[in-house]
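The sequence shown runs contiguously to residue 537 in the UniProt record's numbering.
Notes follow once the structure below has been shown.
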Amino acid sequence: MLQLAVSLDWANCTCRTDNHVPHRHGWHCPRGDRAVQLALISAVHSFSFRWLPLVTDTAGDGQQLLRLGEHLWTNAKSRIMSVFDKLSYQTALALYLFGLTPIPKGASVDVENAHSAGEVSIDMALRQIHRLRVKRRDIRFSGTGLSVGRSDGETPIIHTPVNEDFIHAENMMYWAGVVFDTSSSMTRGCPSILCSGVFGFEEEPVFRLMKARVQLFHESTESWRQNGFVPTSQATLYVVHRASTWKGYVWKIIGALREAINHGYGEAVITRLETLIAEALDRFNRTFKPLLAACEKHILFFSKDARLCYYLLQLHYYMGLLLLCSLAVSTERTDIVPEFDAVRRESVHTIFSTISFGLSCQVALGQDGTQHSRKRFSLISLDPYPHHILASLQLASHVLLDYLKRDEITQDAFDNFCRIVFDALDEIPQCLQSVQRVKKLLYETLSAGSHHFDTASDTLREPATSGLSTPGGQQHQQVTRNDRRTNNETTNSEESSNDITGSNPPAPTFTNIDEAGLGCLAKTLFAGPSVVLSTRS
Numbered sequence: 001m002l003q004l005a006v007s008l009d010w011a012n013c014t015c016r017t018d019n020h021v022p023h024r025h026g027w028h029c030p031r032g033d034r035a036v037q038l039a040l041i042s043a044v045h046s047f048s049f050r051w052l053p054l055v056t057d058t059a060g061d062g063q064q065l066l067r068l069g070e071h072l073w074t075n076a077k078s079r080i081m082s083v084f085d086k087l088s089y090q091t092a093l094a095l096y097l098f099g100l101t102p103i104p105k106g107a108s109v110d111v112e113n114a115h116s117a118g119e120v121s122i123d124m125a126l127r128q129i130h131r132l133r134v135k136r137r138d139i140r141f142s143g144t145g146l147s148v149g150r151s152d153g154e155t156p157i158i159h160t161p162v163n164e165d166f167i168h169a170e171n172m173m174y175w176a177g178v179v180f181d182t183s184s185s186m187t188r189g190c191p192s193i194l195c196s197g198v199f200g201f202e203e204e205p206v207f208r209l210m211k212a213r214v215q216l217f218h219e220s221t222e223s224w225r226q227n228g229f230v231p232t233s234q235a236t237l238y239v240v241h242r243a244s245t246w247k248g249y250v251w252k253i254i255g256a257l258r259e260a261i262n263h264g265y266g267e268a269v270i271t272r273l274e275t276l277i278a279e280a281l282d283r284f285n286r287t288f289k290p291l292l293a294a295c296e297k298h299i300l301f302f303s304k305d306a307r308l309c310y311y312l313l314q315l316h317y318y319m320g321l322l323l324l325c326s327l328a329v330s331t332e333r334t335d336i337v338p339e340f341d342a343v344r345r346e347s348v349h350t351i352f353s354t355i356s357f358g359l360s361c362q363v364a365l366g367q368d369g370t371q372h373s374r375k376r377f378s379l380i381s382l383d384p385y386p387h388h389i390l391a392s393l394q395l396a397s398h399v400l401l402d403y404l405k406r407d408e409i410t411q412d413a414f415d416n417f418c419r420i421v422f423d424a425l426d427e428i429p430q431c432l433q434s435v436q437r438v439k440k441l442l443y444e445t446l447s448a449g450s451h452h453f454d455t456a457s458d459t460l461r462e463p464a465t466s467g468l469s470t471p472g473g474q475q476h477q478q479v480t481r482n483d484r485r486t487n488n489e490t491t492n493s494e495e496s497s498n499d500i501t502g503s504n505p506p507a508p509t510f511t512n513i514d515e516a517g518l519g520c521l522a523k524t525l526f527a528g529p530s531v532v533l534s535t536r537s
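So, in structure tokens, the structure goes:
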């Protein structure tokens with residue numbers, strides 16, 4: 001994505017030569033803007049900070065790392081907010097990465113305002129992609145008048161020739177934007193920015209293309225479903241990538257349904273979306289589920305890329321279905337989900353099975369060539385979207401409590417699910433504020449049914465008290481529910497003290513991190529279009 005964004009900005013640059021023309025009001029060169037480059041680097045640093053303890057043994061003590069995380073997040077926020085109005089693909093990527101960045105545990109900021117900053121960043125990133133998409137045929141009306149073929153009302157756009165490679169690259173970035181937009185719309189319940197909402201999205205080219213590609217996939221893999229097949233890593237990636245495409249379409253329908261309910265659309269609209277949901281789920285069940293079941297039987301033989309992609313698909317698809325079921329329950333419209341009880345039960349079971357797989361599946365992150373010295377970590381600790389794990393655990397836990405109250409699962413099964421919940425929460429990087437909040441919330445939620453618990457057998461792993469303990473290296477201590485409550489109180493008091501210490505100025509050694517990153521990349525990534533884009537296979 002970094003190389004793609006830089007290459008597109010170079011292609012969009014209106015500079016006639018390598019010598020940049022002087023800056024004018026409202027104009028900037030997207031390919032050589034130092035502020036934009038620093039903003040992108042700071043966003044990458046802040047986004048990837050959570051994995052620092054995994055890749056180095058010399059990262060420093062816990063408190064120093066907490067201060068570093070706070071500095072990186074605050075610095076990224078400052079740099080990105082200073083360039084949000086500079087239209088470029090690098091700006092859009094920086095905004096989106098910052099929007100996805102979890103708030104570090106040591107950050108002394110108001111949580112609600114911090115989350116709002118992240119959501120606004122995602123929205124602005126999507127709007128930038130949209131503006132860049134239509135820039136070459138721009139006709140806009142604003143309060144100051146009609147702008148035809150002008151980027152800001154003052155500087156005319158120079159329409160450079162567009163070749164097939166540029167169109168292909170731009171489509172790749174737009175496709176990524178649609179994925180981001182669909183995810184944001186479904187999880188946050190907000191209207192789409194790049195795509196149509198409740199009305200007309202089925203006829204948009206991107207979703208028509210999704211359906212066409214999945215139909216071709218269904219026809220080409222009919223023999224696999226009829227006769228069976230022994231999957232390989234490459235075949236599994238092929239199946240998972242096509243299934244992920246359909247997952248995006250399912251998410252889009254769920255997002256449209258949330259929008260329709262939030263805005264109070266009539267029954268005719270809800271019925272149409274209900275039909276689309278039924279058709280989409282049926283397509284997934286007929287086309288992909290048999291193939292994914294075959295892949296699952298051989299999953300441990302596959303490459304780490306195949307295992308990670310399989311894990312992400314299963315978790316995200318069934319998280320979407322659980323969100324749909326939760327929406328149906330909250331609106332007392334379980335009829336909008338075909339076979340509601342079966343879908344909800346399968347979703348909960350698959351989410352916990354997938355998270356168990358993510359906990360047990362270890363992949364190497366070695367930086368040298370020796371096999372024995374390479375570190376290994378679980379897929380959970382490496383998951384780039386920890387908020388989806390947290391959302392899945394919260395949705396599934398509420399359903400489990402409902403099942404327990406209605407005696408639809410045994411006490412032993414419930415205890416086992418609880419252990420999986422807290423094992424996963426302990427495995428996610430502990431330097432994130434959201435992990436600490438959800439861990440406390442889920443403990444209180446699951447303890448709300450304490451009259452169902454067998455106190456002699458109910459044991460859960462003690463949450464790590466260190467803010468930056470390494471996943472996979474924690475001690476597996478077993479404690480009672482009262483001990484866990486005491487530990488939560490201790491953790492909360494530590495978080496308060498961390499917030500106080502986090503307000504101190506960062507150490508001087510932190511100040512030149514972004515500059516150092518730019519110095520390393522100035523002659524490589526930012527020196528020119530490093531990606532040769534072609535539509536040829």
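Virtual Cβ for every residue (Gly too), placed ideally from N, Cα, C.
Nothing here was measured: the structure is a model prediction, and the numbers come from that model.
Put residue i into one of helix, strand or coil per three-state DSSP.
i	result
residue 430	coil
residue 206	helix
residue 230	coil
residue 363	strand
residue 25	Residue placement at residue 25 cannot be trusted, given a pLDDT of 46 that sits under 50; the coordinates are not used to answer.
residue 61	coil
residue 171	helix
residue 146	Low confidence applies to residue 146: its pLDDT is 45, below 50, so where it sits in the model is not reliable, and the reading given next is rough at best. In the structure shown, residue 146 sits in a strand (DSSP, three-state: E or B).
residue 519	helix
residue 188	helix
residue 196	coil
residue 263	coil
residue 512	coil
residue 12	helix
residue 453	Annotation note: pLDDT 45 at residue 453 (below 50); position unreliable, no value reported.
residue 32	coil
residue 524	coil
residue 1	coil
residue 56	coil
How close, in whole Å, do the beta carbons of residue i and residue j come, if the pair is a contact with beta carbons under 8 Å?
i	j	result
residue 247	residue 311	Contact flag wrong, Cβ pair sits at about 13 Å.
residue 36	residue 6	Their Cβ separation, rounded to whole angstroms, is 10 Å, which puts residue 36 and residue 6 out of contact at 8 Å.
residue 169	residue 4	6 Å
residue 197	residue 259	5 Å
residue 128	residue 92	4 Å
Does the Cβ-Cβ distance between residue i and residue j come in under 8 Å?
i	j	result
residue 43	residue 125	no
residue 255	residue 186	yes
residue 400	residue 414	yes
residue 204	residue 195	yes
residue 73	residue 116	no
residue 102	residue 434	yes
residue 243	residue 321	no
residue 104	residue 432	yes
residue 303	residue 233	yes
residue 237	residue 294	no
residue 287	residue 229	no
residue 425	residue 405	no
Could you give the distance in angstroms between the alpha-carbon of residue i and the alpha-carbon of residue j?
i	j	result
residue 526	residue 31	8 Å
residue 282	residue 407	30 Å
residue 503	residue 71	Its pLDDT being 45, under 50, residue 503 is placed unreliably by the model, and the measurement read from it follows with that caveat. Roughly 10 Å between the two C-alpha positions.
residue 326	residue 13	47 Å
residue 90	residue 40	7 Å
residue 210	residue 245	6 Å
residue 397	residue 96	29 Å
residue 9	residue 192	25 Å
residue 418	residue 446	8 Å
residue 182	residue 351	21 Å
residue 347	residue 118	29 Å
residue 342	residue 289	15 Å
residue 420	residue 441	16 Å
residue 508	residue 380	Here the model assigns residue 508 a pLDDT of 44, short of 50, so the residue's position is not dependable, and the following value carries that caveat. Each residue's Cα considered, the two are about 33 Å apart.
residue 356	residue 165	42 Å
residue 450	residue 190	Only weak support exists for where residue 450 lies, its pLDDT of 48 falling under 50; the value from the coordinates is given anyway. Distance between the alpha carbons of residue 450 and residue 190 is about 36 Å.
residue 411	residue 388	27 Å
residue 298	residue 315	18 Å
Verify the CB distance criterion: does residue i have a CB-CB separation below 8 Å to chain C?
i	result
residue 244	Structure shown: chain C not included; a single protein chain is present.
field: Segments of 3+ residues assigned as beta strand (DSSP E) that fall wholly inside the region 367-428
entry: 376-378
task: Please list the segments of the alpha helix (DSSP H) lying wholly inside the region 63-133, counting only runs of 4 or more residues, in order along the chain.
output: 89-100
message: List, from N- to C-terminal side, the alpha helix (DSSP H) runs of 4 residues or more that fit wholly inside the region 277-345.
response: 289-297, 304-330
task: Taking only runs that begin and end inside the region 215-261, name each unbroken beta strand (DSSP E) of 3 or more residues, in chain order.
output: none
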